[in-house]
Structure formats: structure tokens, C-alpha cells
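Undergrad: I am attaching a structure below and will ask some questions about it afterwards.
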Amino acid sequence: MKDATILEENFPVDEPHEMESAASAAEEKISVATQTQLMWWRFRKHRLAMVGTLVVIAFYLVVLGADFLAYSSPEYSEAFRALMPPQSIQFFDEGQLRPFVYGLKGARDPDTFKKIYTIDTDVKIPIIFFAKGFSYEFLGMQLDRHFIGVPEGNAEESLFILGTDPLGRDLWSRLMYGTRISMTIGLVSVAISLFLGVLLGGISGLFGGKVDLVIQRVIEILRSIPTIPLWMGLAAAIPQDWDVLQVYFTITIIISLIGWTGLARVVRGRFLSLREEDYIMAARFSGASQMRIIFRHMVPAFLSHIIASTTLALPGMILSETSLSFLGLGLRPPAISWGVLLQQAQNIQTVALSPWLMLPAVPVILAILAFNFMGDGLRDAADPYGA
Amino acid sequence: MLAYIIRRSILAVITIIAVSILSFIIIQLPPGDYVSSYIAAQQASGNAAAAEAAENMRQLYGMDQPLAIQYFKWVTQMAQGNFGMSMEWGRPVSDVIGDRLWLTVVISLCALIFTWVMALPIGIYSAMHKYSFGDTIFTLIGFIGLAVPSFMLALILMYVGFKFFNASIGGLFSPDFADAPWSIERVWDLIKHLPLPAVVLGLAGTAGTIRIMRANLLDELRKPYVVTARAKGLPYIQAVLRYPVRVALNPFASTVGYELPYIVSGSIIVSLVLSLPTVGPVLLKALVSQDMFLAGTIILLLGVLTVIGTFLSDLLLMWIDPRIRLED
Chain A
37 MKDATILEEN
47 FPVDEPHEME
57 SAASAAEEKI
67 SVATQTQLMW
77 WRFRKHRLAM
87 VGTLVVIAFY
97 LVVLGADFLA
107 YSSPEYSEAF
117 RALMPPQSIQ
127 FFDEGQLRPF
137 VYGLKGARDP
147 DTFKKIYTID
157 TDVKIPIIFF
167 AKGFSYEFLG
177 MQLDRHFIGV
187 PEGNAEESLF
197 ILGTDPLGRD
207 LWSRLMYGTR
217 ISMTIGLVSV
227 AISLFLGVLL
237 GGISGLFGGK
247 VDLVIQRVIE
257 ILRSIPTIPL
267 WMGLAAAIPQ
277 DWDVLQVYFT
287 ITIIISLIGW
297 TGLARVVRGR
307 FLSLREEDYI
317 MAARFSGASQ
327 MRIIFRHMVP
337 AFLSHIIAST
347 TLALPGMILS
357 ETSLSFLGLG
367 LRPPAISWGV
377 LLQQAQNIQT
387 VALSPWLMLP
397 AVPVILAILA
407 FNFMGDGLRD
417 AADPYGA
Chain B
36 MLAYIIRRSI
46 LAVITIIAVS
56 ILSFIIIQLP
66 PGDYVSSYIA
76 AQQASGNAAA
86 AEAAENMRQL
96 YGMDQPLAIQ
106 YFKWVTQMAQ
116 GNFGMSMEWG
126 RPVSDVIGDR
136 LWLTVVISLC
146 ALIFTWVMAL
156 PIGIYSAMHK
166 YSFGDTIFTL
176 IGFIGLAVPS
186 FMLALILMYV
196 GFKFFNASIG
206 GLFSPDFADA
216 PWSIERVWDL
226 IKHLPLPAVV
236 LGLAGTAGTI
246 RIMRANLLDE
256 LRKPYVVTAR
266 AKGLPYIQAV
276 LRYPVRVALN
286 PFASTVGYEL
296 PYIVSGSIIV
306 SLVLSLPTVG
316 PVLLKALVSQ
326 DMFLAGTIIL
336 LLGVLTVIGT
346 FLSDLLLMWI
356 DPRIRLED
């Protein structure tokens with residue numbers, strides 16, 4: 037009954053008279069398919085998961101090509117260009133497809149001393165592709181080409197498609213670099229969590245008994261402590277004079293300190309249920325060593341589940357870093373992450389006057405959704421019984 | 036049943052000890068010991084009696100003794116309600132925290148209640164009308180609740196309130212009541228200000244709980260006893276509400292244990308954005324200025340209250356789930 041529904045959903049049969057032959061052909065195809073193929077077929081059906089995967093891939097392309105996609109140096113600041121609103125891109129110039137932006141004129145309001153910018157329609161700044169700009173290193177090469185830019189190569193002074201921050205730095209370019217740090221900090225923390233989770237969860241599920249009891253209680257204790265106050269306390273102890281890299285790794289360790297518990301539970305559950313399976317028993321009676329049973333027979337059976345759980349754990353890690361940095365206790369300038377960028381949007385006065393400072397929230401939300409959809413799809417695909 | 040209660044209370048006590056050790060570590064983390072820092076701060080502000088106070092404090096906290104004894108002395112002081120002095124405020128920690136701790140508890144509980152009140156009917160509706168328009172809409176809202184960090188939601192709501200309604204929506208009290216003594220009017224003022232932070236904090240949890248409720252109820256609805264009830268002529272609504280819902284309710288109590296720490300965590304960061312008078316802003320300030328007595332106390336008290344809340348939810352679970360009650 038169940039197999040029949042799987043078949044039908046995988047291979048919709050539209051012509052009734054062909055049904056029998058089509059069904060048997062499909063059955064043949066499914067019975068010789070490898071595990072990976074079966075998973076891929078199930079995953080492909082999950083449309084949201086496919087979209088999520090594409091978004092995740094796009095994010096990691098940004099991570100790789102942040103230098104290329106940014107058009108201004110992220111640290112280039114100019115006080116008199118502070119808090120410029122985003123320029124809207126005009127795609128057509130005199131009937132032809134030739135994108136450009138209008139220049140901005142800054143002036144001070146004589147009454148409030150507030151800086152106001154007006155659009156100067158006399159100045160047209162053309163946007164060109166593969167433009168020259170600040171130089172950067174990529175795979176050992178010195179490059180200076182950027183995806184977009186201005187003909188004179190000084191995009192720092194004229195192009196602000198997402199506006200500028202209070203120090204006059206270009207938000208778009210900073211967002212590209214922030215993506216690089218925020219997306220990788222999630223990966224590094226999840227890797228540490230995964231290592232701890234698989235190790236302790238594996239030990240717990242494999243040996244059972246007292247060891248299992250102790251590890252399970254430790255997990256329960258860690259999970260019942262409110263995490264943010266704890267993280268805040270630990271993060272606040274990071275010395276002020278540490279460099280960006282040291283802070284980065286300390287933060288990842290602090291975040292994974294608690295993140296491993298969820299993964300350890302999944303691994304333990306899998307080990308416990310697999311231990312009783314007939315094929316594991318058969319392997320044991322055939323004289324296979326413990327190591328061989330674990331790595332040859334058990335790990336392949338739950339690997340896909342672990343991958344799915346890891347994907348679902350990633351958004352939490354990204355969010356933790358963002359929250360800590362938003363509070364000013366996580367990464368700190370000159371490091372750029374989504375949380376560091378959002379820190380500028382912390383108070384309502386700033387946000388009310390310069391709402392574009394909230395824009396770094398968009399990639400945060402997108403990334404969390406994408407990882408969740410992708411993880412859900414992976415989990416469904418990894419489950420051989422869930423049709 | 037008794038064994039279950041005893042097991043749970045032992046675990047709660049161990050967790051509280053673990054939290055106290057972690058808080059003590061956090062107090063110890065910054066360079067220099069906290070008594071010296073406190074004395075230095077006092078002397079800087081021209082307090083002549085500082086030297087004498089220093090000697091008393093050193094004695095009280097056993098500063099010249101091993102860490103284990105220091106920890107023990109500190110815990111004893113905490114248990115007696117003596118939380119030490121706040122360096123920055125120059126007042127006892129209990130004075131500084133005061134009402135803020137209880138307001139944190141009130142907000143967290145309201146968020147929890149909001150989560151339940153929303154998730155229960157929506158979960159039942161979604162399971163009964165699987166893949167319907169309403170189900171899809173709720174799933175979508177749920178995903179948004181899951182993906183938008185609570186502090187972002189608070190910020191967006193404040194921006195909307197400011198921009199379109201020209202109203203400030205932060206805080207827990209109107210300006211008139213901010214520093215007033217407790218009275219019926221002040222409580223009423225508080226109640227009027229509670230819904231917004233409760234919604235902001237509860238939304239993420241609501242999304243998760245709806246999904247659990249929906250999945251659980253769907254599993255139950257497939258079971259033969261539901262079919263039997265229907266075959267005997269019980270209306271669908273009753274056949275659902277009377278039996279399967281009661282079984283599916285179980286996770287509501289059992290997830291409080293994870294929900295509560297999460298909400299308390301969230302309340303810290305949301306309080307900063309919405310400028311709520313909870314312990315959140317005080318904790319951040321204390322950590323930034325390394326006022327470790329204050330910070331350590333807040334982390335400890337939050338942990339202890341969360342553990343107590345989790346313990347109570349375990350008792351609640353036992354009460355509604357006969358399978359646990361009748362275990363042995």
C-alpha cells in the first residue's frame with residue numbers, strides 16, 4: 037500500500053491504459069536505484085526545499101565573491117557622506133537600456149542642523165559592469181574588477197545603492213562582507229557542534245547504561261539554562277584587545293557550547309534504534325568489529341539524518357551570532373557581520389530617520405528561511421518511510 | 036508517581052547547582068578579583084571608609100582562600116539573599132534588580148500564555164483542515180515567526196508605530212506611572228502595555244508549537260478509535276475535541292521546559308529594543324562595565340527561575356498525562 041503511493045507520487049501516470057506497464061517500469065527503476073538517487077528524487081519533489089537550496093547556494097556564492105560584488109572598500113568612510121539614503125537605479129537613459137543613478141547634493145538644514153540630501157538630476161552617474169575599483173586578493177591574485185561600478189573607478193564617492201551608514205560607508209559593500217562572516221561563522225559553529233554532538237551522542241547511544249545517563253542529564257541541564265544571558269556573560273569576558281580572528285573563534289566556541297546538545301540527541305536516538313536492527317545484529321554475529329559496524333553499517337544509515345539536522349541547526353547559529361553582535365557583545369568592528377551592521381539600527385531615533393539601516397535584517401531572515409526549508413526537505417527525503 | 040517527582044526535583048537541584056557554578060565562573064572571568072575592583076571604584080569616587088569595607092568584604096567572600104571555598108562562601112551569601120554590592124550603582128544588587136526581576140517573569144509568562152492561546156486552536160484547526168487555505172496561511176505566518184528574530188520584529192513594530200501612528204510603543208508603563216509606587220492604576224497600566232512584548236516574544240515559539248500540535252493531532256486522527264467514535268455517530272468536532280486533542284495536548288506541557296529558557300533569553304534582547312524595565316538592559320550594562328556581582332546575580336536568578344518554571348511544567352505534565360502518573 038505504502039510502496040504504491042510512493043511510486044505514484046514519484047512517477048505520475050497520466051494515461052490509464054499505460055498504467056500497468058508504466059508502473060512496472062517505474063517499479064523496476066525504483067528497485068535498482070541507489071539510496072542517493074531515491075533521496076534526490078524525493079528531495080526534488082519538495083519545491084520549497086529546492087528554492088531554499090538555491091538561495092543557500094546563492095548566499096555561499098556571495099561569501100566567495102564578496103570582494104567582486106562589493107564596489108566600495110568596506111572601510112572607506114567619509115564623514116560628510118554620512119547616512120545617505122539609497123539611490124534608486126534608473127535603468128533607461130533617453131530610451132536606451134543604460135543604468136545610471138542621479139547624484140546627491142548634501143546640505144545642512146539651517147534650523148535643525150540635520151543633514152539633508154537632495155537628488156541632483158543634473159548629475160548622472162552611469163553604472164557599468166566589470167568596473168575597475170579598489171583592489172583585492174582572490175586565490176592569490178591581485179584583482180581590481182567589480183561586478184558593478186562607475187567609469188572613473190571611484191565608486192566610493194558616487195555610488196550608494198543601499199545608502200550609507202553613520203560613518204559614510206557604503207551599506208551594500210559592507211553587506212557583502214557581512215554575509216561572508218555571518219554565513220561562515222554559522223558553518224564553523226555547526227562544525228564544532230557536530231563534532232561534539234556526534235562524539236558524545238555516539239558514546240551515549242552506543243554504550244548506554246551509566247555513561248548514557250550522565251550525558252543525557254548534562255544535555256538536559258544545559259538545555260534548561262537560558263542561553264542568551266549565559267552567552268552574554270561569556271562573551272563579555274573576551275578581552276577588548278583581542279584581534280578580530282581571536283574574537284571570531286571565541287564566539288563560535290561560545291555558540292557551539294550549547295548548540296551541540298540538539299545534535300547529540302539526534303545521534304543518540306539513531307544509534308539506539310539502529311542497534312536493535314536485524315542487519316546490525318547479523319553483522320555482529322558474522323564477527324564484524326565494533327569499528328566496522330559503526331562506520332560501515334551504522335553511519336551510512338543515519339548520515340542523511342545528521343546532514344538534515346545540521347542544516348536545521350545552522351539558522352540558530354547564525355541567529356545567535358547576529359543577536360550577540362547586535363547587543364555589542366559578539367563580533368565588534370572592524371569585523372563586519374549582519375549583527376554588527378544591525379547594531380547601528382539599535383535605537384528607534386536612528387531607524388526612524390534612516391530606515392535603510394534595517395536592511396541587513398533582510399538577508400538574516402532570508403537565510404534562516406532558506407536553511408529551514410532546505411533542512412525540512414532533506415529530513416523528509418532522508419526518511420525512507422515518509423511518503 | 037512519587038519516584039517521578041523525586042527524580043525531577045533531584046535534576047532541578049543539580050541544574051541549579053550547575054547554573055550557580057557557571058555564574059560564579061562568569062563573575063571570576065574578568066581580570067582581577069571583584070572585591071578589588073569594587074574598592075577601586077569606591078576609592079575613585081572618594082569614599083573614605085573604603086579600606087575598612089574592603090577588609091570586611093575580603094573576609095566575607097574568603098578572597099585569600101582556594102576557589103572552591105570562595106564559591107561556597109559566595110553561594111551561602113546568595114542563598115541568604117545577600118547578593119553583594121553593585122559597583123556601578125553603588126547600591127546593593129537586590130535594590131538595583133528590585134521589581135525588574137518580577138517584570139521579567141511576568142513578561143515571560145505572558146509570552147508563554149500567548150503562545151498557548153494562539154497555538155492550541157490554530158494547531159487544531161490546521162490539523163482538521165489539512166492543506167486548506169487557512170492551514171497554508173497559518174503555516175506561512177508560522178514560518179515568518181520562526182525566521183524573523185524577535186529583536187528585529189520589535190524594531191520593525193516600533194518603526195511602524197513611529198512612522199504611521201506617531202506613537203511610541205516601547206516601555207511597560209506610561210510616563211505617569213514609570214516611577215510611581217504600586218497601585219491598582221499602575222497594575223492596570225502595566226496590563227495595557229503587556230500585549231505587545233508578549234506577542235513579540237511569543238511569536239517564534241507559537242510557530243514551533245503550532246507545527247508540533249498539528250503533527251501530533253494528525254497522527255492521532257488516523258487512529259482507529261477516532262473512526263470508531265465517528266462510526267458511532269459522534270459529530271466530527273466532538274470526536275476530535277474529546278479524545279485526540281487531549282492526547283495531542285501532551286507536548287504543550289512537555290515543551291515548556293525548552294520554551295521557557297528560550298523566552299527568557301529572548302526577553303533580554305527584546306527588552307533592550309523596546310526599553311522594557313526588565314533585567315535585560317541592566318544585565319547588558321553590568322556586563323559592559325564589568326559590574327560582575329550584578330551580572331552574576333542576574334544570570335543566576337534567571338537560571339534558577341527558569342529551572343523552577345521547568346520543574347512546575349513537569350508536574351503539570353504529570354497531572355495531565357496518566358501514562359507518566361501511573362508509570363510505577
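For the record, the sequence lines run as chains A and B. Reading the first sequence from the start, the letters are residues 37 to 423 in our numbering. Reading the second sequence from the start, the letters are residues 36 to 363 in our numbering. Glycine is no exception: its CB is placed at the ideal position from the N, C-alpha and C atoms.
#1: Helix, strand or coil: how does DSSP classify V186 of chain A here?
#2: Taking the CB atoms as reference points, tell me whether S344 of chain A and R259 of chain A lie closer together than 7 Å.
#3: Helix, strand or coil, according to DSSP, for V183 of chain B in the structure here?
#4: Along chain B, which residues have their Cβ under 8 Å away from the Cβ of F362 of chain A?
#5: What number of angstroms, rounded off, separates the C-alpha of L211 of chain A from the C-alpha of S167 of chain B?
#6: Classify F271 of chain B as buried or exposed, calling it buried when 16 or more other Cβ atoms lie within 10 Å of its own Cβ.
#7: Can you check which of these residues, B:L337, B:M353, B:V262, is closest to T284 of chain B by C-alpha distance?
#8: Give me the Cα-Cα distance between I257 of chain A and I197 of chain A, rounded to the nearest whole angstrom.
#9: Just to confirm, is the Cβ distance from I221 of chain A to E313 of chain A under 7 Å?
#10: Roughly how many angstroms lie between the CA atoms of I104 of chain B and T332 of chain B, to the nearest whole one?
#11: With a threshold of 7 Å between beta-carbons, can Y194 of chain B be considered close to chain A, or not?
#12: By a C-beta neighbour count over all protein chains shown, 10 Å radius and 16 as the cutoff for buried, is F407 of chain A buried or exposed?
#13: Within 10 Å of its beta-carbon, does G268 of chain B have 16 or more other beta-carbons around it, so buried, or fewer, so exposed?
#14: Do we get a CB-CB distance below 7 Å when we pair F197 of chain B with the residues of chain A?
#15: Mapping DSSP to helix, strand and coil, what is I274 of chain A?
#16: Against T263 of chain A, what residues of chain B qualify as contacts under a CB-to-CB distance less than 7 Å, listed in chain order?
#17: Let me check one thing: in DSSP terms, what residues is R216 of chain A bridge-paired to?
#18: What residue range does the alpha helix (DSSP H) around E192 of chain A cover?
#19: Return the bridge partner residues of P127 of chain B from the DSSP annotation.
#20: If I measure Cβ to Cβ from D156 of chain A and keep anything under 8 Å in the same chain, skipping five residues before and after, which residues do I get?
#21: Looking only at its own chain, which residues have a Cβ that is under 7 Å from the Cβ of W374 of chain A, when we skip the five neighbours before and after it?
#22: List in chain order: all unbroken alpha helix (DSSP H) runs of 4+ residues lying wholly within the region 265-340 of chain B.
#23: Between which two residues does the beta strand (DSSP E) holding A318 of chain A run?
#24: Identify the contact partners of N408 of chain A in chain B, using a Cβ-Cβ distance below 8 Å as the criterion.
#25: At what residues does the alpha helix (DSSP H) containing L256 of chain B begin and finish?
#26: Could you give the C-beta distance for P296 of chain B and P262 of chain A, rounded to a whole number, given that I count them as a contact under 8 Å?
#27: How about F136 of chain A and P162 of chain A: do their beta carbons lie closer than 7 Å?
#28: Counting only the same chain and skipping the five closest in sequence on each side, list residues whose C-beta sits under 7 Å from that of I45 of chain B.
#29: Check M367 of chain B in the structure and name its three-state DSSP category.
#30: Determine the extent of the beta strand (DSSP E) in which G142 of chain A is found, giving its start and end residues.
#31: Check the Cβ-Cβ distances between L231 of chain B and every residue of chain A, and say whether any is below 7 Å.
#32: Which word fits P279 of chain B, buried or exposed, when buried means at least 16 other C-beta atoms lie within 10 angstroms of its C-beta?
#33: Grab me the residues of L308 of chain A's own chain with a C-beta within less than 7 Å of its C-beta, minus the 5 sequence neighbours each way, in chain order.
#34: Put F208 of chain B into one of helix, strand or coil per three-state DSSP.
#35: Just curious, the alpha helix (DSSP H) that A324 of chain A is in, first and last residue?
#36: Which stretch, first to last residue, makes up the beta strand (DSSP E) that contains I255 of chain A?
TA: In brief:
#1: Within the first sequence, the letter at position 150 stands for residue 186 of chain A. The answer is coil: DSSP assigns V186 of chain A none of H, G, I, E or B.
#2: In the first sequence, the residue the question calls residue 344 of chain A occupies position 308. In the first sequence, the residue the question calls residue 259 of chain A occupies position 223. First, the residue type needs correcting, since residue 344 of chain A is Ala and not Ser in the sequence shown. The Cβ atoms of A344 of chain A and R259 of chain A do not sit closer than 7 Å to each other.
#3: Start at 1 with the first residue of the second sequence, and residue 183 of chain B comes out as number 148. In the structure shown, the three-state DSSP call for V183 of chain B is coil.
#4: For the purposes of this step, residue 362 of chain A is taken as residue 326 along the first sequence, with counting starting at 1. Residues of chain B with a Cβ closer than 8 Å to the Cβ of F362 of chain A are, in chain order, F186, I304.
#5: Taking the first sequence and counting its residues from 1, the one referred to as residue 211 of chain A is at position 175. Taking the second sequence and counting its residues from 1, the one referred to as residue 167 of chain B is at position 132. Each residue's Cα considered, the two are about 39 Å apart.
#6: Here the question's residue 271 of chain B lines up with position 236 in the second sequence. It should be pointed out that residue 271 of chain B corresponds to Tyr in this sequence rather than to Phe. With fewer than 16 other Cβ atoms within 10 Å, it is exposed.
#7: As a first step, residue 284 of chain B is located in the second sequence; it is residue number 249 there, counting from the start. Note on identity: in this sequence residue 284 of chain B is Leu, with Thr being the wrong assignment. Of the listed residues, the one whose Cα sits closest to L284 of chain B is B:M353.
#8: Position 221 of the first sequence, counting from 1, holds the residue named residue 257 of chain A. Position 161 of the first sequence, counting from 1, holds the residue named residue 197 of chain A. Between I257 of chain A and I197 of chain A, the C-alpha separation is close to 48 Å.
#9: Translated into the one-based positions of the first sequence, residue 221 of chain A becomes position 185. Translated into the one-based positions of the first sequence, residue 313 of chain A becomes position 277. The answer is no: Cβ separation not under 7 Å.
#10: The residue given as residue 104 of chain B occupies position 69 in the second sequence. The residue given as residue 332 of chain B occupies position 297 in the second sequence. In this model, I104 of chain B and T332 of chain B are separated by some 18 Å (Cα to Cα).
#11: On the second sequence, residue 194 of chain B is found 159 positions in, with the first residue counted as 1. Residue contact with chain A for Y194 of chain B: present (Cβ-Cβ distance below 7 Å to some residue of chain A).
#12: Numbered from its first residue, the first sequence carries residue 407 of chain A at position 371. With a 10 Å radius around the Cβ and a threshold of 16 neighbouring Cβ atoms, F407 of chain A comes out buried.
#13: Position 233 of the second sequence holds residue 268 of chain B. A residue is called buried when at least 16 other Cβ atoms come within 10 angstroms of its Cβ; G268 of chain B does not meet this threshold and is exposed.
#14: Taking the first residue of the second sequence as 1, we reach residue 197 of chain B at position 162. Yes, F197 of chain B lies at the interface with chain A (some Cβ there is under 7 Å from its Cβ).
#15: As a working mapping, residue 274 of chain A is identified with position 238 in the first sequence. The three-state reading of DSSP puts I274 of chain A in coil, since its state is none of H, G, I, E or B.
#16: Position 227 of the first sequence, counted from the first residue, corresponds to residue 263 of chain A. P296, S300, listed in chain order.
#17: Within the first sequence, residue 216 of chain A is the residue found at index 180, counting from 1. Looking at the DSSP assignment, R216 of chain A forms no beta bridge with any residue, so it has no partner.
#18: Mapped onto the first sequence, residue 192 of chain A falls at position 156. Taken as a continuous stretch (DSSP letters only), the alpha helix (DSSP H) holding E192 of chain A covers 191-194.
#19: In the second sequence, the residue the question calls residue 127 of chain B occupies position 92. DSSP, once it has assigned bridges, lists B:M120 as partnering P127 of chain B.
#20: For the purposes of this step, residue 156 of chain A is taken as the residue at position 120 of the first sequence. Once the five neighbours on either side are set aside, the close Cβ partners of D156 of chain A are Y138, G139, L140, K141.
#21: Taking the first sequence and counting its residues from 1, the one referred to as residue 374 of chain A is at position 338. Here W374 of chain A has G214, S218, T358, P396, P399, V400 as same chain residues with Cβ atoms under 7 Å from its own Cβ, once five neighbours each way along the sequence are excluded.
#22: Segments of the alpha helix (DSSP H) lying fully in the region 265-340 of chain B: 271-277, 279-283, 285-289, 291-309, 314-323.
#23: Indexing the first sequence from 1 puts residue 318 of chain A at position 282. Per DSSP, A318 of chain A belongs to no beta strand (DSSP E); it is in the alpha helix (DSSP H), 314-321.
#24: Position 372 of the first sequence, counted from the first residue, corresponds to residue 408 of chain A. Within 8 Å Cβ-Cβ: F178, L181, A182.
#25: Translated into the one-based positions of the second sequence, residue 256 of chain B becomes position 221. Where L256 of chain B is concerned, the enclosing alpha helix (DSSP H) stretches over 230-256.
#26: For the purposes of this step, residue 296 of chain B is taken as residue 261 along the second sequence, with counting starting at 1. For the purposes of this step, residue 262 of chain A is taken as residue 226 along the first sequence, with counting starting at 1. With a contact defined as Cβ atoms closer than 8 Å, P296 of chain B and P262 of chain A qualify at about 4 Å.
#27: Taking the first sequence and counting its residues from 1, one reaches residue 136 of chain A at position 100. Taking the first sequence and counting its residues from 1, one reaches residue 162 of chain A at position 126. Closer than 7 Å, so yes.
#28: Position 10 of the second sequence, counted from the start, is the residue given in the question as residue 45 of chain B. By the criterion of a C-beta distance shorter than 7 Å, I45 of chain B is surrounded by no residue of its chain, once the five residues flanking it on both sides are discounted.
#29: There is simply no residue 367 of chain B to check, as chain B begins at 36 and stops at 363 in what is shown.
#30: Counting from one through the first sequence, the residue named residue 142 of chain A turns up at place 106. Run containing G142 of chain A: 132-144, per the beta strand (DSSP E) assignment.
#31: Here the question's residue 231 of chain B lines up with position 196 in the second sequence. Cβ-Cβ to chain A under 7 Å: no for L231 of chain B.
#32: Start at 1 with the first residue of the second sequence, and residue 279 of chain B comes out as number 244. Buried, since its Cβ has 16 or more Cβ neighbours within 10 Å.
#33: Mapped onto the first sequence, residue 308 of chain A falls at position 272. Around L308 of chain A, the same chain offers G241 as residues with beta carbons nearer than 7 Å, after the five sequence neighbours per side are excluded.
#34: Translated into positions along the second sequence, residue 208 of chain B becomes position 173. Looking at F208 of chain B - three-state DSSP - the assignment turns out to be coil, as it is neither helix nor strand.
#35: Here the question's residue 324 of chain A lines up with position 288 in the first sequence. Taken as a continuous stretch (DSSP letters only), A324 of chain A belongs to no alpha helix (DSSP H), as it is neither H nor E.
#36: Counting from 1 along the first sequence, the entry for residue 255 of chain A is found at position 219. Per DSSP, I255 of chain A belongs to no beta strand (DSSP E); it is in the alpha helix (DSSP H), 245-259.
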